[in-house]
C-alpha cells in the first residue's frame with residue numbers, strides 16, 4: 421500500500437499536471453515551527469526568508485511557521501505542552517529552557533544537530549540543563565545605556581567606557597542634571613511598560629550589580645538573605661528612587677521616549693541598536709551599564725531554538741537548525757536586526773561585529789559582563805515573582821516587605837516542587 | 027367515564043413520544059458542546075484543585091486534600107505588643123513611631139504560622155491588631171473584583187439605558203448614532219485598553235490636559251493608572267464605555283416592546299416626562315433590566331484583559347482581580363491546581379450572587 425499510493429497519486433497528477441509530477445512523487449514531510457511574534461519586524465522577516473530558503477534548498481522537509489503573540493508566548497507553550505500539542509521546533513527564551521527540559525518536553529540536541537555546529541557556538545547561545553544542551557540560538561543580546569553625544573556634551577556629562585563605566589553616583593548625578601535642565605520630563609527610559617520577561621532580564625542584572633541575586637546559585641533551593649538581604653534592599657531603594665524622583669516614567673504609555681527625544685538616556689538591550697542608529701546616526705552613544713558596586717552586569721541568553729520530544733521528524737527539525745546556524749544565516753540575521761551573532765565565524769561575516777567593526781564593543785560587553793539567568797526549572801516562578809515585586813517597589817511599596825514576600829513565594833514554590841531536582 | 031378518558035389520552039401520548047425523541051436529537055449537539063467544553067472541564071478543575079498538579083512537571087501528581095483551599099481562604103488574626111526596653115519603656119524607631127517586633131521573623135519562627143502573611147493591620151492604643159491570610163493577594167483581588175462589579179454594573183447599565191432612551195426616536199439619521207454608540211463594542215478590548223492608556227497618561231494624556239484646561243489648572247494632573255486610589259475607577263470608566271453598547275441594544279429592544287398606547291394615555295392624563303419614565307418605561311422594562319443586570323454582573327466578574335494590558339494588577343495590587351490572580355498563579359507560575367481551586371471558589375461565588383439577584387428580582391415582582 422505504502423508504495424502504491426504515491427505511485428498512483430503521481431500517475432493521476434502526471435496526467436493532469438505533468439510538470440508537478442516530480443514534486444508529487446516525493447511530498448516533503450511537514451515540520452511545524454512556532455516562534456514568538458516580536459515587535460522587531462526585521463527578525464521575523466529574516467526568519468521567514470531563512471525558512472523559505474531552507475524549504476527551497478531540499479525536498480525532504482517543509483517547515484511550516486506559526487506566529488504566537490509575544491506577550492503570552494511562554495504561557496501558550498506551557499499550555500500546548502500540557503495538552504500534548506507542541507510543534508516540532510519552537511523558539512524559547514533561554515531561561516525557560518531548563519524548565520521545559522526538566523519537564524521532559526525537549527530533546528537533547530547532541531546527536532541530532534551536528535557536532536560541528538554545537539562546537540562553533542559561544543556558551544550563552546546554548547541552553548543547558550544538567551550538562552545537556554537543549555537549545556541553541558542564532559544571536560545574543562546585551563544590555564546597554566544609550567544616549568546622544570550632543571546631549572551629554574551640552575550637560576557636561578562624561579561618556580561611560582568599558583574601562584570606566586558609570587558608577588551609581590555618576591548615574592544619579594547625570595539624571596539630576598538632565599532633570600534640572602527642564603528638557604526631559606523623565607530623562608531615563610527603562611521600558612517599564614514592557615511586561616513579562618523584560619523585568620527579570622532588564623532589572624535583575626542591576627540587582628546582581630548591587631551584589632545580590634534572585635536565588636542562591638550554589639543550591640538553587642533558597643533565596644533568603646540574597647534576594648532580601650542588605651544589598652537587595654539597597655537595590656530596591658535605588659530602584660524606587662528612580663521613579664520617586666521623576667527620573668523614570670512609572671507608567672509610560674509607549675516605548676518611544678528616547679527615539680522621540682522625550683528622554684535623554686535609554687536603558688535597553690542591544691536589539692534596539694539598529695533602530696537607534698537609524699534615528700540618530702553618529703550622534704548615538706552606547707555606554708556599558710553602570711557599575712552599582714559589584715561590577716556591571718548584563719543578562720546573557722536570548723531566544724533559542726529547541727526540538728520537542730513529541731516531534732515526529734526530529735531529523736528534519738535538526739536539519740533546519742543546522743541550516744539556520746550556518747555562519748551566513750547567522751550573519752544575515754545579525755545584519756538585519758543588529759543582534760550579536762552567536763558564532764565567531766558569523767561575527768567576522770558581519771559589517772558591525774567583525775574584529776574592528778563599529779559594534780564590536782557589544783561582543784566585549786557580553787564577554788566581560790554577561791551573567792546567565794539562574795539555570796533552574798524554578799525560573800518561571802522566579803521571573804514572575806520578581807516582576808510582581810519590582811512593580812510593587814516601583815509603585816512605592818515597602819522595599820523590605822516586597823523582597824521578603826518574593827523570597828517566601830519562591831521558596832514555597834521550590835519546596836512544593838520537591839526542589840526541582842536539586843537536592 | 028374511565029375508558030373514555032383513556033381513549034382520549036392515547037393519541038396525545040402517541041403524539042408526544044416522537045416529539046420527545048426529536049427534542050433529544052435536536053439538543054444533542056448543543057448539549058455535547060456544553061458537556062465537552064464546560065461541564066467536563068469544570069469537573070476536571072474540581073478534581074485538580076485537590077491535587078498538586080503542575081502545568082509542566084515530571085513529578086507524579088498526588089492528592090493533597092484541601093491544601094489549595096486552605097492556602098487560598100485561610101485567614102487568621104493576632105495582636106502584637108510593642109517592643110519595650112528593660113525599664114518597660116516603649117521603644118521608638120527612627121520616625122518616632124512605636125516599634126513592634128518584625129512580623130515576618132515572628133511568623134517564620136513558628137511552624138504553625140509560617141504560611142501566614144500580613145493582610146492588614148491597625149495600631150490602636152498601645153497594641154497592633156493584625157489580620158493574617160495565607161494568600162493576602164487573593165483576598166485583595168477578591169475585594170477588588172467586588173468593587174469593580176459594584177462600580178461598573180450601575181454605571182454601565184445606567185449609561186446603556188440613557189443611550190437607549192436617547193436613540194429610541196424616529197429621527198432622520200438616528201441609525202448613525204446607533205452605530206457610533208455601538209462601535210466601541212466591536213473594537214477589540216485590547217486595542218481599546220492600549221488607546222485608553224495613552225489617554226490616561228499622567229503627563230501626556232488627553233484627559234489630564236482637558237481636566238486642567240477646563241479647571242484652569244486647579245484639578246490634576248491625576249495619575250489615573252498609577253495611583254492606587256484612581257486605578258480601579260479608571261478601569262471601571264473605560265470598561266463601562268466599551269461594553270455599554272450591547273446593553274443599549276437590549277434596552278432598545280425592550281423600549282420598542284412597550285406599547286405606544288400607554289404613553290398616549292399618559293399624555294391625555296397630563297403626565298410629565300419623568301412620571302412617564304417612572305410609571306411606564308421602567309415597569310415596562312422590568313424583565314429587560316433583570317436580564318441586563320444579571321448578565322452584566324456575571325460578565326463584570328470576569329475582568330481580566332483590561333488589567334492585563336493596562337496595569338498588570340498594579341499599582342501595588344490595587345487592580346488585581348480574581349481572574350488575573352488565577353491566570354498568574356495557574357499559568358505564569360505553573361501552579362495549575364491552585365489556579366483551579368481559585369476558579370472553583372470563584373464559580374461558586376458567582377453562582378451564589380446570580381441566584382441571589384434572581385431571587386431578589388423575583389420577590390420584587392411578586393409584590
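Residue numbers (my numbering), protein chains in the order written: chain B, 421 to 843; chain F, 27 to 393. Here a beta-carbon is modelled for each residue, glycine too, at the ideal position from N, C-alpha and C.
- Counting only residues of its own chain and dropping the five nearest sequence neighbours on each side, residue 237 of chain F has a CB closer than 6 Å to the CB of 245, 246.
- For a cut-off of 8 Å, the C-beta gap from residue 266 of chain F to residue 320 of chain F is around 17 Å, too long to register as a contact.
- Within chain B, no residue has its CB atom less than 7 Å from the CB of residue 351 of chain F, the nearest being about 11 Å off.
- Close to residue 224 of chain F, with beta-carbon spacing below 9 Å, are these residues of chain B in chain order: 673, 674.
- Flagged as an interface residue toward chain B: residue 251 of chain F, by a C-beta distance shorter than 7 Å.
- Following the DSSP letters along the chain, one finds residue 594 of chain B inside the alpha helix (DSSP H) bounded by residues 588-600.
- Assignment of beta-bridge partners to residue 104 of chain F by DSSP yields F:156.
- Judged by pairs of C-beta atoms under 8 Å, the region 745-756 of chain B does not touch the region 819-838 of chain B, as fewer than three such pairs exist.
- For the options B:641, B:616, B:595, the alpha carbon positioned closest to that of residue 609 of chain B is the one of B:595.
- Restricting attention to F:324, F:330, F:363, the CA atom closest to the CA of residue 179 of chain F is found in F:324.
- Nearest C-alpha to residue 489 of chain B among B:497, B:482, B:483: B:497.
- In this structure, the alpha-carbon of residue 257 of chain F lies about 14 Å from that of residue 167 of chain F.
- For the region 70-92 of chain F, the set of positions with a beta-carbon nearer than 9 Å to some beta-carbon of chain B reads 78, 80, 81, 82, 83, 84, 85 in chain order.
- Taking 7 Å as the threshold, the shortest C-beta distance from residue 800 of chain B to chain F falls below it.
- Remark: C-beta atoms of residue 797 of chain B and residue 518 of chain B approach each other more closely than 7 Å.
- With fewer than 16 neighbouring CB atoms inside 10 Å of its own CB, residue 305 of chain F falls in the exposed class.
- Under the three-state reduction of DSSP, residue 512 of chain B is assigned to strand.
- Residues of the region 117-138 of chain F with a Cβ closer than 8 Å to any Cβ of chain B, in chain order: 130.
- Nearest neighbour of residue 838 of chain B by Cα position, chosen from F:254, F:64, F:48, F:80, turns out to be F:80.
- Collapsing the DSSP output to three states places residue 117 of chain F in coil.
- Distance from the Cα of residue 327 of chain F is smallest, within the candidate group F:371, F:94, F:124, for F:371.
- Along the region 670-703 of chain B, the positions whose C-beta sits under 9 Å from a C-beta of chain F are 670, 671, 672, 673, 674, 682, read in chain order.
- Taken through DSSP and simplified to helix, strand or coil, residue 672 of chain B comes out as coil.
- At a beta-carbon threshold of 9 Å, the residues of chain B lying near residue 229 of chain F are 605, 606, 669, ordered along the chain.
- In terms of Cβ geometry, residue 566 of chain B and residue 696 of chain B form a close pair [threshold 7 Å].
- The beta strand (DSSP E) runs lying completely inside the region 681-739 of chain B and spanning 3 residues or more are 685-689, 704-707, 718-720, 723-727, given in chain order.
- Excluding sequence positions up to five before and after residue 95 of chain F, its CB lies within less than 8 Å of the CB of 75, 367, 371, all in the same chain and listed in chain order.
- A Cβ-Cβ contact shorter than 7 Å links residue 520 of chain B with residue 526 of chain B.
- In this structure, the beta-carbon distance from residue 833 of chain B to residue 822 of chain B does not fall below 7 Å.
- One finds nothing in chain B with a Cβ atom closer than 8 Å to the Cβ of residue 243 of chain F; even the nearest lies about 17 Å away.
- Per DSSP, residue 327 of chain F is one residue of the alpha helix (DSSP H) stretching across 312-327.
- DSSP places residue 126 of chain F in the coil class of the three-state scheme, outside both helix and strand.
- The continuous stretches of beta strand (DSSP E) do not include residue 290 of chain F, which lies in the alpha helix (DSSP H) extending over residues 286-294.
- Using beta-carbon distances, residue 358 of chain F counts as an interface residue toward chain B, with a partner under 7 Å.
- Among the residues facing chain F, residue 648 of chain B is not included, as its CB has no counterpart in that chain under 7 Å away.
- With distances taken between CA atoms, residue 151 of chain F lies nearest to F:123 out of F:176, F:123, F:50.
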